[in-house]
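Read the structure below first, then the notes.
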Amino acid sequence: MLTVVFDGVVYSSWLFLMAAGLTLIYGVMRILNIAHGSLYAIGAYAAASLGGAWIAGGQAVWATYVALALSALAVGLLMGPLIERGLLRWMYGKDEIVLLLVTYALFLVLEDAIKLVWGVESKMFSEPYALLGNFQLGGLAYPAYNLVLIAVAVLTGVVLSWVLHRTRQGKLLLAVIHDREVSAAMGINVSRFYLATFTGGAVLAALGGALTAPVIAVSPGIGVEVIVLSFAVVVIGGLGSLGGAALGALMVGLLRSLAVRYWPEGELFVIYMVMAGVLILRPKGLFSQPEARRI
Amino acid sequence: MKSIMARDRTVIALVALCAALGASAWLAPQWLVFLLAMALAKGLVVLGLLLLMRTGLVSFGQGLYFGLGAYAAALLANRAGIGDAAVMLLAGTACAALVAAVLGLLLARYREIFFAMLSLAFSMILYGLLVKSSTLGSTDGFNLHAKSFAGIALGAADARRVFYGVSAIAVLSVGWALHRYLGSHWGRLSSAIRDNELRVEYLGASVYRVVYVNYLVAAALAGLGGAFAALAVGHVDPETVYWTTSGEFVFIAILAGTGNVLAPFLAAAIFEALRTLASQYAPNVWQMALGGAMLAIIMFLPGGLWTLLKRKPA
Amino acid sequence: MDAAEEKAGVSALLSAEGLNKRFGAVAAASDITLVFERDSVVSLIGANGAGKTTFLNIVTGYLRPDSGRIRFDGHDLVGRSPREITGMGLSRSFQIPQLFATLSVRENLLLAEGIAGAERAEQATDELLARFDLEPYAARAAGLLPEGIRKLLDVAMALVARPKLLLLDEPTSGVAAEEKFGIMDLVMSAVRGHGVTVLFVEHDMDIVSRYAGRVVAFYDGRIIADGPPQAVLRSDEVLRYVIGEDVRAAA
Chain Z
1 MLTVVFDGVV YSSWLFLMAA GLTLIYGVMR ILNIAHGSLY AIGAYAAASL
51 GGAWIAGGQA VWATYVALAL SALAVGLLMG PLIERGLLRW MYGKDEIVLL
101 LVTYALFLVL EDAIKLVWGV ESKMFSEPYA LLGNFQLGGL AYPAYNLVLI
151 AVAVLTGVVL SWVLHRTRQG KLLLAVIHDR EVSAAMGINV SRFYLATFTG
201 GAVLAALGGA LTAPVIAVSP GIGVEVIVLS FAVVVIGGLG SLGGAALGAL
251 MVGLLRSLAV RYWPEGELFV IYMVMAGVLI LRPKGLFSQP EARRI
Chain X
1 MKSIMARDRT VIALVALCAA LGASAWLAPQ WLVFLLAMAL AKGLVVLGLL
51 LLMRTGLVSF GQGLYFGLGA YAAALLANRA GIGDAAVMLL AGTACAALVA
101 AVLGLLLARY REIFFAMLSL AFSMILYGLL VKSSTLGSTD GFNLHAKSFA
151 GIALGAADAR RVFYGVSAIA VLSVGWALHR YLGSHWGRLS SAIRDNELRV
201 EYLGASVYRV VYVNYLVAAA LAGLGGAFAA LAVGHVDPET VYWTTSGEFV
251 FIAILAGTGN VLAPFLAAAI FEALRTLASQ YAPNVWQMAL GGAMLAIIMF
301 LPGGLWTLLK RKPA
Chain P
1 MDAAEEKAGV SALLSAEGLN KRFGAVAAAS DITLVFERDS VVSLIGANGA
51 GKTTFLNIVT GYLRPDSGRI RFDGHDLVGR SPREITGMGL SRSFQIPQLF
101 ATLSVRENLL LAEGIAGAER AEQATDELLA RFDLEPYAAR AAGLLPEGIR
151 KLLDVAMALV ARPKLLLLDE PTSGVAAEEK FGIMDLVMSA VRGHGVTVLF
201 VEHDMDIVSR YAGRVVAFYD GRIIADGPPQ AVLRSDEVLR YVIGEDVRAA
251 A
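Protein chains in written order, with the numbering used here: chain Z, 1 to 295; chain X, 1 to 314; chain P, 1 to 251.
The structure is reproduced here in C-alpha cells:
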C-alpha cells in the first residue's frame with residue numbers, strides 16, 4: 001500500500017506543476033490553454049538539449065540539475081511573453097470557446113515547430129535521474145529522483161501560495177481572478193497581470209517538462225496526453241483555484257496509482273470518470289470560488 | 001416539390017453533388033474513391049457540429065460517437081457475424097443515438113467551456129476503456145469486412161465503391177433534411193439560443209429541449225459517419241475516440257463555417273486532400289499548417305467563426 | 001385566496017404578498033405587498049436600486065424570493081420558471097433590449113410567433129411589423145438597429161404572446177426624447193381593447209403622469225407611495241426619495 005501511495009504522490013507532483021499554471025491562467029485570463037502541453041514538451045526538449053550539451057562539454061553531472069532549472073526558466077520567459085503579447089493579446093474580449101480554439105491552433109503550430117527544431121527522433125537525457133540512484137521503500141528499490149520531483153512540487157506549491165496570499169501583488173492577482181471587470185475598474189493593471197500570469201504558467205509547464213525529461217524518452221507528441229490529463233486535474237480541483245489544483249492532482253495521482261495496482265484496465269477510465277463526475281455534480285470544481293453575480 | 005427545388009440553390013447543389021459523386025463511384029480511381037469516401041464520412045460528423053455551433057455550442061467530443069459508430073459496425077461484423085453493410089450503418093447510427101440519448105440529458109445543461117470539457121471527458125472515458133481492453137483489440141483495434149449491402153452481395157473489389165456511392169446518397173438525404181430543419185422554426189430557435197438564451201426562455205420555449213435534440217442529431221450523424229469510415233477503411237482503432245480526432249472535426253467545422261449544409265463536405269474534402277498531400281510531402285508541417293489556418297480564419301475570415309465571434313462574452 | 005386578494009376582490013390579476021429578497025447586506029425587497037387589477041395601467045417609479053427591477057425579476061420567475069407569495073390569475077408563481085410564467089400569460093420587456101442580434105427583425109418576431117404557437121405566423125409577423133412601424137427595418141439584423149428601434153422590437157416581442165399582464169422595464173430609456181411618446185402610444189394602442197394589464201417601470205415623470213392610472217413608488221426595497229399619479233407625484237416622500245427635490249424648497 002505504501003508503494004501505491006508513494007507512486008501516487010510522485011505522479012501527483014508532476015501533475016501539480018502542470019495544473020497549477022493552467023488553473024491560474026484560466027482564473028486570471030479566462031483562457032483554457034491547450035498550448036500548455038506544447039510548453040511542457042518544449043521544456044523537456046530544451047532540458048534534454050542543454051543538459052546533453054553540457055555533459056558532452058564535460059560538465060559535472062550534478063550541473064544537469066542547473067540545466068533543468070535554466071531551461072525551464074528560459075523557455076517560460078521566452079515563450080510566455082511571445083505568446084501572450086504576440087497572439088493572445090489580440091484575442092481578448094472574444095468568447096471563451098474562441099480563445100480555447102486559439103490555444104488549440106497554437107498547440108498544433110507548436111507541435112510541428114518542435115519537430116522542426118529538434119527532429120522526430122527521441123532524445124534521452126537520463127543523467128540527472130541516474131545520478132541519484134535508488135533508495136529502499138517497502139522492499140522495492142525506488143529512484144531517488146522521484147523525491148526531487150515531489151520536493152519541487154511541494155516547494156512550488158508553497159511559494160505560489162505564499163506569493164498569492166501574502167504579497168501585495170499576489171492579493172491583487174486574487175482580486176483579478178475573483179472579478180476581472182471590477183479589478184480593472186479599480187485601477188489594477190490587468191494587462192500586466194495577464195503577462196505575468198501567462199509567463200509564470202509557461203515557466204511551470206516548462207519546468208514540468210524539464211523535470212520529466214530524465215525519466216522518459218523525449219519525443220514529439222508527449223504534450224498531447226499531458227494536456228488532457230492536466231485538464232482533468234484542473235476541472236476536478238476547480239478552474240482558477242491553486243488549492244484545487246493541488247488537491248485535484250493528489251486525487252488523480254492516487255486514483256491512478258490505485259487503478260494501476262488493482263485494476264489496470266481502468267487506469268485512464270477512472271480519471272476521466274472522476275472528471276466527468278465533478279463536472280456533473282459540481283461544475284465549478286471541488287474547490288472553486290463563489291462567482292460574483294452578474295445580473 | 002419542384003417549385004421548392006427550383007428556388008433553393010442549396011438543394012439543387014446537393015442533388016448535383018450527389019449525382020457527381022455517384023458517377024465518380026464507378027469511374028474514379030480507387031485512391032480518389034477512398035479519399036472522397038472519408039471526406040463524406042467526416043463531413044457527416046462536421047454537419048452535426050454545424051448544428052451544434054448554430055446553437056452556440058462547440059463539442060470537443062464528437063469522436064465518442066464517431067468511434068461508437070465505427071466500433072458498433074466492426075463488432076457486428078466480427079463478433080456477431082453480420083456481414084451486411086446496411087445493417088452495420090444502421091447499427092452504428094443507432095448505437096450513437098442511444099448513448100447520446102442518455103448523455104444528452106446531462107450535457108444539455110452545460111454551455112461554453114463546460115460543455116466542451118464534459119464532451120471531451122466522455123470521449124476520453126471511452127478511449128480509456130478501449131485502449132486497455134484486450135478483447136476489443138486495445139490500441140491496435142481490429143478489422144472488419146462487409147459481405148453484402150442490403151442483401152446484395154459485394155465483391156471485394158467493388159465494396160468500397162458501393163459504400164462510397166451509398167454515402168453519397170446518405171449525404172444527399174441527410175443534407176437536405178438538415179437544410180430544411182435549419183430553415184424551419186426549430187433552426188431559427190437554435191440560432192436564437194446562441195444569440196440570447198434568456199430571451200428564448202422568456203418567450204416561452206425550452207432551451208434545454210432544443211439543445212438536447214440538436215445534440216442527439218449531431219451524435220447520430222457522427223455515428224453514421226463513423227460506420228461509413230470504418231467500412232471504407234476496413235479497420236477500427238481507439239484513435240477515432242481520442243481527443244485529437246475530435247479536435248480535427250472541430251477544425252474542419254471552423255473551416256466550413258455554419259452558413260450552409262454543403263460547407264462541411266467541401267471543407268472535409270479539402271482537408272482530406274491536403275492531408276493526403278501533406279503526409280506524402282511534408283508530414284512535419286501538416287499540424288502547423290492546420291494551426292496557422294485556424295488562427296487565420298479566427299482572425300480574418302469570420303465566415304464560420306463569425307457566429308461565435310458575434311456573440312459577446314457574458 | 002390570500003388576504004391581499006380578499007381585500008381587492010376577486011378581480012385581482014396579480015397579487016404579491018410579503019415579498020422579501022436580500023442580496024447579502026442589501027434588502028432589494030422588504031415585505032412588498034401589491035395587488036393589481038385587470039385592465040389597469042400602473043407605473044412603478046423609484047431611484048436606481050430601489051427595487052423595481054428586482055420586483056419584476058421576482059414576479060417573472062428569474063429570481064426566487066426569500067419569502068412571500070405571488071398569485072397570478074389564480075395560480076401560484078413562486079418557484080416557477082420564466083418559461084412557465086410566460087405560458088400563463090405574463091410577458092415582459094427588458095431595460096436593456098434582449099434581442100437575437102444575428103437574426104433579422106422579421107425573424108425575431110417570426111420566432112416569437114412560432115414559440116407562441118401562432119397558426120399563421122408569417123401573417124401575424126407582417127401585422128406586427130406594420131403596427132409597430134418596423135417595416136423599414138424588417139430585413140436588418142437586430143444587432144444593427146438604432147437604440148429606439150431596439151426598444152420597440154423588444155416590446156413588440158413581448159406582445160406576441162398576447163399576454164394578460166405586460167411588464168415593461170423602462171420602455172423609453174435610451175430613447176430620444178421626441179420618440180418617447182411615440183413608443184408609449186404604439187404600445188398602448190396595441191394593447192387597448194384586449195384587456196391587457198400594463199405595469200411599466202419609468203423614470204420620466206411626464207410619461208408616468210400621461211399614461212399611468214396608478215403609480216407605485218419604491219425606495220430602498222419598500223413601497224413608499226401607491227395611488228393616482230396626481231397624488232403620488234406630489235407627495236413629500238416621493239419628491240424626496242424618487243424625484244430628488246428638496247422638499248422644503250418645493251413647499
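C-beta atoms are modelled at their ideal positions from N, C-alpha and C, and glycine is treated no differently.
Query: In the DSSP assignment, the beta strand (DSSP E) including P:N20 goes from what residue to what residue?; Result: A12 to F23
Query: Kindly provide the ranges of any alpha helix (DSSP H) runs that are 4 or more residues long and lie completely inside the segment 214–286 of chain X, ordered along the chain.; Result: 243–256 and 263–281
Query: Out of Z:V9, Z:K123 and Z:H178, point me to the one whose CA is closest to Z:L147's CA.; Result: Z:V9
Query: Going by C-alpha to C-alpha distance, which of X:S190, X:P29, X:F115 and X:Y215 sits closest to X:A97?; Result: X:Y215
Query: How should X:A74 be labelled, buried or exposed, when 16 other C-beta atoms within 10 angstroms of its C-beta is the threshold for buried?; Result: buried
Query: Could you tell me the alpha carbon to alpha carbon distance between Z:V5 and Z:M18, rounded to whole angstroms?; Result: 20 Å
Query: Take P:V106 as the anchor and find which of X:A192, X:L144, X:L255 and X:A253 has the nearest alpha-carbon.; Result: Reading off the sequence shown, one finds Arg at residue 106 of chain P, where the question assumed Val. Selected option, being the one with the closest Cα: X:A192.
Query: Quick one: list the residues of chain X neighbouring P:E107, beta-carbon separation under 9 Å, in chain order.; Result: R188, S191 and A192
Query: Exposed or buried, X:P29, counting other C-beta atoms within 10 Å across all chains shown (16 or more means buried)?; Result: exposed
Query: If I measure Cβ to Cβ from Z:Q289 and keep anything under 8 Å in the same chain, skipping five residues before and after, which residues do I get?; Result: Residue confidence for Z:Q289 is low, a pLDDT of 49 falling below 50, so the modelled location carries little weight; the figure read from the coordinates is stated next. The answer, listed in chain order, is I177, H178, G238, G240 and S241.
Query: What in chain P is Cβ-close to X:L198, meaning under 7 Å?; Result: Q98
Query: Any idea what DSSP makes of Z:I216, helix, strand or coil?; Result: coil
Query: Could you check which residue in X:G291, X:R79 and X:Y181 has the C-alpha nearest to that of X:G137?; Result: X:R79
Query: Tell me X:N143's beta-bridge partners as DSSP assigns them.; Result: X:H235
Query: Evaluate contact between the segment 51–62 of chain P and the segment 130–137 of chain P, counting only Cβ atoms and requiring at least three cross-stretch pairs below 8 Å.; Result: no
Query: Near X:A101, what residues of its chain come up, given a Cβ to Cβ distance below 7 Å and the 5 sequence neighbours on each side ignored?; Result: L216
Query: State buried or exposed for X:Q280, treating a residue as buried only when at least 16 other CB atoms are found within 10 Å of its CB.; Result: exposed
Query: Relative to chain X, which residues along the segment 38–54 of chain Z have a C-beta separation below 8 Å, given in chain order?; Result: none
Query: To the nearest angstrom, how far is it from the Cα of X:A85 to the Cα of X:I169?; Result: 15 Å
Query: By the 9 Å beta-carbon criterion, what residues does the segment 248–269 of chain Z contribute toward chain X?; Result: P264, E265, G266, E267, L268 and F269
Query: List, in chain order, every chain Z residue whose beta-carbon is nearer than 8 Å to that of X:Q287.; Result: L108, V109, E111 and D112
Query: Check each candidate in P:G24, P:L14, P:V42 and P:S30 and name the one with the smallest Cα separation from P:V201.; Result: P:V42
Query: Please state whether the Cβ-Cβ distance between P:P229 and P:G244 is less than 9 Å.; Result: no
Query: Can you check whether the C-beta of X:D8 is within less than 9 Å of a C-beta belonging to chain P?; Result: no
Query: Answer with buried or exposed for X:S133, where buried requires no fewer than 16 other C-beta atoms within 10 angstroms of its C-beta.; Result: exposed
Query: So which residues of chain X does P:G87 contact, with C-beta pairs closer than 7 Å?; Result: G204
Query: Counting only Cβ pairs nearer than 7 Å, list the residues of chain C close to Z:K115.; Result: As a matter of chain content, chain C is missing from the structure shown, whose protein chains are Z, X and P.
Query: Could you tell me the alpha carbon to alpha carbon distance between P:G193 and P:A161, rounded to whole angstroms?; Result: 16 Å
Query: Have a look at X:L105, X:L68, X:G141 and X:S190 and flag the residue whose alpha-carbon is nearest the alpha-carbon of X:S246.; Result: X:L68
Query: So which residues of chain X does P:R92 contact, with C-beta pairs closer than 7 Å?; Result: Y202
Query: Examine chain P for any beta-carbon lying closer than 9 Å to the beta-carbon of X:D195, and answer yes or no.; Result: yes
Query: Closest Cβ-Cβ distance between X:L129 and chain Z: below 9 Å?; Result: yes
Query: Look at Z:A205 and Z:L22 and say whether their C-beta atoms are less than 9 Å apart.; Result: yes
Query: Compare the C-beta of P:P82 against all C-beta atoms of chain X and say whether one is closer than 9 Å.; Result: yes
Query: I want to see whether chain Z comes within less than 9 Å of X:A97, judged by CB atoms only; does it?; Result: no
Query: Between the segment 205–218 of chain Z and the segment 37–45 of chain Z, do at least 3 Cβ pairs fall closer than 8 Å?; Result: yes
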